[in-house]
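J.: If you want this note's numbering, it's the 1-based position in the sequence shown plus 3. The C-beta atom is built at its ideal place from N, Cα and C for all residues, glycine as well.
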Amino acid sequence: MNNPLAVARLCALGLAVVTPVYAMEKKPASTSEYFVYFGTYTGPKSKGIYVSRFDPATGRLSPAVVAAEADSPAFLAVHPTEKFLYAIDEGSDPVRKPGRGVSAYALDRSTGRLTLLNYQTSGGEAPCHLSLDAAGQSVVVANYTGGSVASLPVLADGRLGPLRSLISHEGSSIHPSRQKKPHAHCFTLSPDDRFAFSADLGIDRIVAYRLDAATATLTPAGGPAAAVPPGSGPRHLAFHPTGKFVYVINELLCTLSVFGYDPARGELRAMENLSTLPAGVAVQPNYSTAEVVAHPNGKFVYGSNRGHDTIAVFAVDAVTGKLALVEHQSTRGKTPRHFAVDPAGSWLLAENQDSDTVAVFRIDPVSGRLAAVGEPLAVPSPVCAVFVRAN
Numbered sequence: 004m005n006n007p008l009a010v011a012r013l014c015a016l017g018l019a020v021v022t023p024v025y026a027m028e029k030k031p032a033s034t035s036e037y038f039v040y041f042g043t044y045t046g047p048k049s050k051g052i053y054v055s056r057f058d059p060a061t062g063r064l065s066p067a068v069v070a071a072e073a074d075s076p077a078f079l080a081v082h083p084t085e086k087f088l089y090a091i092d093e094g095s096d097p098v099r100k101p102g103r104g105v106s107a108y109a110l111d112r113s114t115g116r117l118t119l120l121n122y123q124t125s126g127g128e129a130p131c132h133l134s135l136d137a138a139g140q141s142v143v144v145a146n147y148t149g150g151s152v153a154s155l156p157v158l159a160d161g162r163l164g165p166l167r168s169l170i171s172h173e174g175s176s177i178h179p180s181r182q183k184k185p186h187a188h189c190f191t192l193s194p195d196d197r198f199a200f201s202a203d204l205g206i207d208r209i210v211a212y213r214l215d216a217a218t219a220t221l222t223p224a225g226g227p228a229a230a231v232p233p234g235s236g237p238r239h240l241a242f243h244p245t246g247k248f249v250y251v252i253n254e255l256l257c258t259l260s261v262f263g264y265d266p267a268r269g270e271l272r273a274m275e276n277l278s279t280l281p282a283g284v285a286v287q288p289n290y291s292t293a294e295v296v297a298h299p300n301g302k303f304v305y306g307s308n309r310g311h312d313t314i315a316v317f318a319v320d321a322v323t324g325k326l327a328l329v330e331h332q333s334t335r336g337k338t339p340r341h342f343a344v345d346p347a348g349s350w351l352l353a354e355n356q357d358s359d360t361v362a363v364f365r366i367d368p369v370s371g372r373l374a375a376v377g378e379p380l381a382v383p384s385p386v387c388a389v390f391v392r393a394n
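#1: Taking DSSP's pairing of strands, which residues face N308 in a bridge?
#2: Do L79 and G46 come within 7 angstroms of each other at the CB atom, strictly closer than that value?
#3: Using only alpha-carbon positions, find the residue among L119, S333 and R103 that is nearest to F372.
#4: Would you check if there are 3 or more beta carbon pairs closer than 8 angstroms linking the region 339-357 to the region 306-314?
#5: Look at the alpha carbon of A67 and the alpha carbon of V81, and state the distance between them as a whole number of angstroms.
#6: Counting C-beta neighbours from all protein chains within 10 Å, is the total for D207 16 or more, i.e. buried, or is it exposed?
#7: Who are the near neighbours of N300 in its chain, counting only those whose CB is closer than 8 angstroms to its CB and skipping five residues on each side?
#8: Sorted by chain position, which residues of the same chain lie with C-beta nearer than 6 angstroms to V382's C-beta, five sequence neighbours on each side aside?
#9: Thinking just about the alpha-carbon of each residue, which of D196, A282, E275 and T323 is nearest to the one in G269?
#10: Kindly indicate the opening and closing residues of the beta strand (DSSP E) around E332.
#11: Which ranges does the beta strand (DSSP E) cover as unbroken runs of at least 3 residues, wholly within the region 178-242, from first to last along the chain?
#12: Quick one, are the C-beta atoms of S55 and V39 less than 7 angstroms apart?
#13: Go through its chain and collect everything with a Cβ distance to H331's Cβ below 6 angstroms, but skip five positions before and after it.
#14: Taking 8 angstroms as the limit between beta carbons, can you name the residues of its chain near G246, skipping five residues before and five after?
#15: Do V249 and C242 come within 7 angstroms of each other at the CB atom, strictly closer than that value?
#16: Please identify the residue among E128, E354, P156 and A321 whose C-alpha is closest to the C-alpha of S171.
#17: By DSSP's criteria, H132 is part of a beta bridge. Which residues make up the other side?
#18: Taking the beta strand (DSSP E) that N121 belongs to, which residues open and close that run?
#19: Is C131 near A145, with beta carbons less than 7 angstroms apart?
#20: Tell me which residues share the same chain as V143 and place their Cβ nearer than 6 angstroms to its Cβ, disregarding the 5 neighbours each side in the sequence.
#21: Could you tell me if G377 is buried or exposed, where buried requires 16 or more neighbouring beta carbons within 10 angstroms of its beta carbon?
#22: Could you check what DSSP says for P357 in three-state terms: helix, strand or coil?
#23: Would a C-beta distance cut-off of 7 angstroms place L271 and I177 closer than the cut-off?
#24: Using CA coordinates, which residue listed in L214, H188, R162 and G150 is at the minimum distance from G174?
#25: According to the Cβ coordinates, are W350 and G62 closer than 7 angstroms?
#26: Distance, Cα to Cα, N253 vs E294?
#27: Would you mind reading off the limits of the beta strand (DSSP E) that contains E270?
#28: Let me make sure I understand the geometry here. Which of S168, P385, Y290 and Y44 has the alpha-carbon closest to that of L256?
#29: Tell me whether E395 sits in a helix, a strand or coil according to DSSP, three-state version.
#30: Helix, strand or coil, according to DSSP, for L158 in the structure here?
#31: Going along the chain, which residues of its own chain have a beta-carbon closer than 6 angstroms to the beta-carbon of P385, five neighbours each way excluded?
#32: Tell me, to the nearest whole angstrom, how far the beta carbon of Q123 is from that of L163; I am working on the premise that it is less than 8 angstroms.
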């Protein structure tokens, strides 16, 4: 939209003004291509959600352009139909911006454009993570500062309905500044969508809930919460493709915790803890972990180290689910807050928040090792990436 008066009128009415993605429209979509949407921290450099085309034959990313302006859309999730995208508004809070927290967008798979549908409150301060069930009926959200988890229904047109569940965590742990109270850092669904698990950095627990996806309602699972070693600070978790194991990355101690999973009860059984750093490298004040991903083929697990600025690559024992270190690969930038593996498991994209770049790596299907491809792409303050098939 190039008419300033028209833009002003839309803003006055409270309607979304989405920056046109002209670069996306000029190139006909290939059936093999993806759009990659990047969540960012907004400020002087970033305006919101960015999008790029990704060629899985070469690993090439096109220049990133604004898909939608938003307030620190730090974590993204795509609806199973790939018609809608959902974003956390991490810059929101219940006082400064009442009613905000999670935004719903219509997604145009021909152009890459996003159009704001609506937003709803997440029920707590500093929402930081969200997930959708496989049928796309529910969104579950973790509120970091609020120390709570929430659920919202997804309506037929992709909009979000009002909050259905809001449950606060309780407790603390041993870190003098980071663990004085609960800090729910992710909310991830089990493969069958019956359970949702929140890694709470503040209490060193993985808390389980039952999810009724049809009504978007959460209830406590009833069993004991799974624990990680005191002071670990669990951040994110990933299920193994078989659904037998769960991998939890711990932010404060730079470790990975491996759990066995009982899908009937929704219970986790602790099996091992290991460092995400190289042997002999101690945790430094500026070191922390961020993301963990299980490869689609189930043979590898990847974790990101901020400060050390590497991806740790582990091989998975197919019987026990335990891990063996393969390598540490530089992310070619600073502070890899997130990384994403493409649906085929051929590529890994590392989002380097503090160097404003996204680096592309080819994944060796046999060893899991990473090989850098091309030059990193310029993206301002990138902190999340999701893939969507382009029409």
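T.: So, from the data block:
#1: T292 and T313
#2: no
#3: The identity of residue 372 in the sequence shown is Arg, whereas the question assumes Phe. The shortest Cα separation from R372 among L119, S333 and R103 belongs to S333.
#4: yes
#5: 18 angstroms
#6: buried
#7: P244, G348 and P368
#8: F41, Y53, A67 and V361
#9: D196
#10: Note that residue 332 corresponds to Gln in the displayed sequence, not to Glu. First-last of the beta strand (DSSP E) with Q332: L326 to S333.
#11: 198-203, 208-215, 220-223 and 237-242
#12: yes
#13: P281, T313 and A315
#14: S193, P194, D195, Y264 and P266
#15: Looking at the sequence itself, residue 242 is Phe, so the reference to Cys does not match. Cβ atoms of F242 and V249: closer than 7 angstroms.
#16: E128
#17: A145
#18: L117 to T124
#19: yes
#20: S134, S154, F190 and A199
#21: exposed
#22: In the sequence as presented, Pro is not what sits at residue 357; that position holds Asp. Correct three-state label for D357: helix.
#23: no
#24: G150
#25: yes
#26: 9 angstroms
#27: E270 to S278
#28: Y290
#29: Lying before the first or after the last residue shown, residue 395 is absent from the chain, which here runs from 4 to 394.
#30: coil
#31: F41, T43, E354 and V361
#32: 4 angstroms
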